[in-house]
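Everything on this sheet refers to the single structure shown next.
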Amino acid sequence: MSAAPGRIRALFLGDPQAGRVVPPSGFTAHLTLFASGAMAFLAVFALALSLASGRLADRWADELAKSATLRITAPAGQRAAQTDAALEILRQTPGVASARALSAEEQAALLAPWLGADIPMDDLPVPQLIEVIEGEPGYDGAGLRLRLGAEVPGAVLDDHTRWRRPLVEAANSLRRLGWVSIALIAGAMAAMITLAANAALAANAQVIEVLRLVGARDRYIAGAFIRRFTLRALIGAGVGVALGMIGVALLPEASEEGGFLTGLGFRGVGWLWVLLVPVLGAAVAFAATWRAATRRLKELT
Amino acid sequence: MIELDNVAYSYGGGELLSDVSVRLTPGSFHFLTGPSGAGKTTLLKLVYGALMPTAGSVRAFGADLRGLDRDQTALLRRKIGVVHQDCRFLDHLPVAENIALPLTVSGRDLAAESANLGELMAWVGLRERADALPPELSGGERQRAALARAVIMSPELIVADEPTGNVDWEMSQRLLQLLVELNRMGKTVLIASHDLALIRAAKNHVQARVLRISNRRLQLAGADL
Ligand SMILES: Nc1ncnc2c1ncn2[C@@H]1O[C@H](COP(=O)(O)OP(=O)(O)OP(=O)(O)O)[C@@H](O)[C@H]1O
Ligand SMILES: [Mg+2]
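Read top to bottom, the protein sequences are chains A and B. Going by the numbering used here, 26 is the number at position 26 of the first sequence; the sequence numbering is gapless. Offset between the second sequence (1-based) and the numbering used here: plus 1000.
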């Protein structure tokens, strides 16, 4: 077992002469280059999709966890009393980490984008907002609502969860879908390279026979094919990734209005993932050719 | 060196060879003869492990060939130089690289062996043709290239299947001379040939035993040759 990395290294580096003993084979070379290029191109987009929906899911989940809002709509005279009552209830509710009534300035700041900066807040029937931070585990929303309904008639609990949770789930499944696509792409690439390798092995049956006759080991013969296909896959995938990255770069910049669709680019560590695509392609080609060659060689004397 | 014990072989139909027992001792020189289709090539393949006997056993260099795995078979072939009846070459590589192929596949340093290779090519008279591709060679050149490839690893045993198959008398004498020289250097030689005139001529130069396949059996041919 301990010899395996060395053996793989030898298989990949081998001796340069071994490359010459197998004649260059036209169409399998092109097939491999094209297939790995196309697959890498697709993988870049699947990866971009997966990473972007992951970011989205994380952000939404974060916001979700952060807060719910309690809105108290009551006549001016009762507002303070109801606010205090609601705060008291929240303090007693298990699963609520903290609750805080927003100050008049904070409320004004929230409204400023809509109504302008210098609105006379006191003249407006603006409800009092209470920010509720959920603990771990969360509170029982229905129970809280029942209690508020009985004791604080003007209170409405708006816990965002209602409409955002499905969105987070959608984003999460989109992320999973991206990874599944990458796995499928790798599988399809393995299948195509297996076909190409088998075609090359069959086309070179005579060569392989001569090599066996003069004392070549299976490892040597397989190595010549493996090196060739791995290298081609690496080159093809490299070109595919470069084109895919250009494609992603041409997408519009991330923006608030565009939301999800414009956030498809790679950020930070995302770029490292992209660079892994050609490596993954080469690894797939290595494994596929290895399997095809070992199988094929066993059938020959 | 090579021991066949009660070997039988069949390609699936009736038995082609039955009850074949023979020993090749180190330094010996054997001819194997018999009519076309008698099974000469088959018997040679049994000797170098390309075929496994359907009965009996073949031992080479002390090991039973049946017990060898694929890697060990490859290693065995480096110890036996084979001239194939149809001289298989890699047609996309020049003659010199074809002759050096056994060195290449066994991972030898070609640069270190280049003097050796040059000498060997001169010995078989192919120095001028080093860069030619195999399909460009004449029949005799192919046979000499095949012989050179068979001996480049300095094997102890040389097995040649019709090495003079498609060459004229003069060239066949030259090829035979090369094999006799190898035998004088101590190599064990086994040649399959249906060319009785060649065998008779060889007997003037070398102490050779002649084995003949007839009626599926292997016999030692006597003075009737
Ligand atoms: N792979 C094979 N499958 C089936 N039959 C075979 C195979 N190889 C050879 N034979 C048959 O076995 C018989 C012996 O063949 P072999 O090549 O050993 O004869 P040979 O003595 O070398 O003949 P020649 O002098 O023509 O070279 C022939 O009848 C041939 O048709
Ligand atoms: Mg024959």
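The beta-carbon is built from N, C-alpha and C at its ideal position, and this holds for glycine as well. Just so it is clear, the structure is predicted and the values come from calculations on it, not from any experiment.
The criterion of a C-beta distance shorter than 8 Å is satisfied by Leu1120/B and Ala1148/B. Taking every protein chain shown into account, the CB of Leu1024/B has 16 or more other CB atoms within 10 angstroms, so this residue is buried.
Here the residues close to ligand 1, judged by CB distance below 5 Å to any of its heavy atoms, are Tyr1011/B, Ser1036/B, Gly1037/B, Ala1038/B, Gly1039/B, Lys1040/B, Thr1041/B, Thr1042/B in chain order. One finds nothing in chain B with a Cβ atom closer than 8 Å to the Cβ of Pro166/A; even the nearest lies about 59 Å away. In chain order, Val1180 place their CB closer than 6 Å to the CB of His1205/B, counting only its own chain and leaving out the 5 sequence neighbours on each side.
Any Cβ of chain B closer than 8 Å to the Cβ of Val241/A would place that residue at the interface, and such an atom is absent.
Per DSSP, the beta bridge partners of Ala1160/B are Val1083/B, Ile1191/B. Judged by pairs of C-beta atoms under 8 Å, the region 232-244 of chain A touches the region 35-49 of chain A, as three or more such pairs exist. Contacts with chain B (Cβ-Cβ distance below 9 Å) from the region 197-230 of chain A involve Gln206, Val207, Glu209, Val210, Leu211, Arg212, Leu213, Val214, Gly215, Ala216, Arg217, Asp218, Arg219, Tyr220, Ile221, listed in chain order. The region 1009-1021 of chain B and the region 1048-1067 of chain B touch, with three or more beta-carbon pairs separated by less than 8 Å. Using a CB distance cut-off of 8 Å, Pro252/A does not count as an interface residue toward chain B. Interface flag for Leu1093/B against chain A is set, since a Cβ pair is found closer than 8 Å.
Only those residues of the region 1095-1120 of chain B whose C-beta falls short of 8 Å from the nearest C-beta of chain A are listed: Glu1097, Leu1101, Pro1102, Thr1104, Val1105, Ser1106, Gly1107, Leu1110.
By the Cβ rule, the region 56-76 of chain A counts as touching the region 148-167 of chain A, because three or more pairs are nearer than 8 Å. Between Val21/A and Phe225/A a beta carbon distance of about 11 Å is seen, past the 8 Å cut, so the two are scored as non-contacting. If you check the CB distance, Ala249/A and Ser25/A do not come in under 8 Å. A heavy atom of ligand 2 is found nearer than 7 Å to the CB of Gln1085/B.
Val1082, His1084, Arg1088, Phe1089, Leu1090, Asp1091, His1092: these are the residues of the region 1081-1092 of chain B whose beta carbon lies less than 9 Å from some beta carbon of chain A, given in chain order. One alpha carbon belongs to Gln1219/B, the other to Arg1212/B, and they sit about 5 Å apart. In the DSSP assignment, Thr1033/B is bridged to Arg1212/B.
The three-state secondary structure of Ile235/A, taken from DSSP, is helix. The C-beta distance from Met192/A to Val44/A rounds to 18 Å, too long to meet the 8 Å contact threshold. Comparing C-alpha distances from Pro1102/B to each of Tyr220/A, Arg227/A, Ala287/A shows the shortest one belongs to Tyr220/A.
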